[in-house]
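Residue 984 in this note's numbering sits at position 24 of the sequence shown; the count goes up by one each step and never skips.
See structure below.
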Amino acid sequence: MTPTMIRFTKMHGAGNDYIYVNTLLYNIPSPVEAAIKWSSRHKGIGSDGLVLIGRPVSADADFSMRIFNADGSEAMMCGNASRCIGKYLYEKGMTSSRTIRLETLSGIKTLNLHVCGQKVDSVTVDMLEPRFDVAGQFVPRTDAEAGGMLEAGGKLFKGTFVSMGNPHFVIFTDAEGLADVETYGRLLEHHEAFPARCNIEFAHLVEKDTLRTRVWERGSGITMACGTGACATAVAAAKLGVAGCSSKVVMDGGTLEIEWRETDNHVYLTGGAEFVFDGEIPLP
Ligand SMILES: N[C@@H](CCC[C@H](N)C(=O)O)C(=O)O
């Protein structure tokens, strides 16, 4: 039997790369299987995961996003993919609006497209409010307000738990400590303090309001950037007084700008988005 071919677009935001499929045109019956197979760096397209763009359930949204990590697990939110979807929808002619309401598993996020000529230069995403106390995402180990000491691989890590829809644990360290992402990232992702596993950020203040961050993503391992992780880092830094409410987060693959706005308590994420290539692949 001839396999069903699916057209996809590979994109990245600050090096965080995903495979995008327009499910208005193509049905993906088993996204978990597709995410695992297609994300493989050696036997697939190669990516940090799979993103499905679709029709929203809510009348208040224009489009929807579903995001699957490279291990097939589904996440509630993805900051970098949201920006890429803004560019995808606008530049592929699926919308002419520069404001898009995107339905995600963690609510409707508004994308503001910054357009120059016909191209989307960058996108600002209203990531809504950060949370510090999500049942089912984090079991605090101390009576600290939002965070605690966790032991992994014989080492103690003090971090701050921040949910941007999805869970993050942000550890402030010195410059050398950023390399801990390689040794301890996986162990912390699976720490018993995180019933739903966790994304782990190792962050270091390099200059005023500029944070260098490396990330271990739940379900994908080390990635070149994480949008929700950048937001979590900036929020944790502001909460602890390490940085102000607007900061730059420098990740392995690029820099993202974050503002935690006092007026509405929302976090705004700004950064670029890039096309890599289009292709066709059989359904698994
Ligand atoms: N890369 C993303 C986050 C993707 C999901 C994450 N790994 C999770 O499981 O929560 C981003 O840019 O936010």
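The beta carbon of each residue, even a glycine, is placed where N, CA and C say it ideally should be.
- For Val1195, no beta strand (DSSP E) encloses it; the enclosing alpha helix (DSSP H) starts and ends at 1187 to 1200.
- Pairing Gly1189 with Val1175, the inter-Cα distance amounts to about 7 Å.
- Tyr1050 carries a helical assignment under DSSP once its states are collapsed to helix, strand and coil.
- Restricted to the stretch 1076 to 1153, the alpha helix (DSSP H) segments that are unbroken, complete and at least 4 residues in length are 1140 to 1149, listed in chain order.
- If you draw a straight line from the Cα of Arg1221 to the Cα of Glu1063, it comes to about 22 Å.
- Selection Phe1121, Arg1146, Ser990, Gly1213 evaluated against Gly1108 yields Phe1121 as nearest (Cα-Cα).
- Selection around ligand 1 by beta-carbon proximity, strictly under 7 Å to any non-hydrogen atom, yields Gly973, Asn976, Asp1008, Gly1009, Ile1027, Asn1029, Ser1033, Ala1035, Met1036, Met1037, Cys1038, Gly1039, Asn1040, Ala1041, Asn1126, Pro1127, Asn1159, Glu1177, Arg1178, Gly1179, Ser1180, Thr1183, Ala1185, Cys1186, Gly1187, Thr1188, Gly1189 in chain order.
- Ranked by Cα distance from Glu1167, the first of Val1202, Phe1092, Gln1078, Cys1158 is Val1202.
- A distance below 9 Å separates the beta carbons of Asp1086 and Thr1070.
- Within the model, the alpha-carbon separation for Ile1005 versus Glu1240 is close to 10 Å.
- The C-beta distance from Leu1073 to Met1037 rounds to 19 Å, too long to fall under 8 Å, and the pair is not in contact.
- For the pair of segments examined, the stretch 1024 to 1033 was found not to touch the stretch 1205 to 1213: the number of CB pairs separated by less than 8 Å stays below three.
- It is roughly 15 Å from the alpha-carbon of Val1017 to the alpha-carbon of Ile1060.
- In this structure, the CA atom of Ala994 is about 34 Å from the CA atom of Val1195.
- The continuous alpha helix (DSSP H) containing Ile996 extends over residues 991 to 999.
- By the criterion of a C-beta distance shorter than 6 Å, Lys1003 is surrounded by no residue of its chain, once the five residues flanking it on both sides are discounted.
- With a beta-carbon spacing of about 16 Å, Ala1112 and Leu1138 fall beyond the 8 Å limit used to define contacts.
- Within the same chain, and ignoring the five residues on either side of Gly1067 in sequence, the residues whose Cβ sits closer than 6 Å to its Cβ are Leu1088.
- About 11 Å separates the beta carbons of Glu1219 and Lys1208, which is beyond the 8 Å limit, so they are not a contact pair.
- Shown here, Ser1042 sits in a helix according to DSSP, grouped into three states.
- Rounded to whole angstroms, the separation of the alpha carbons of Lys970 and Val1227 is 27 Å.
- Between the beta-carbon of Gly1179 and that of Asp1031 there is about 4 Å, and that keeps the pair under the 8 Å contact cut.
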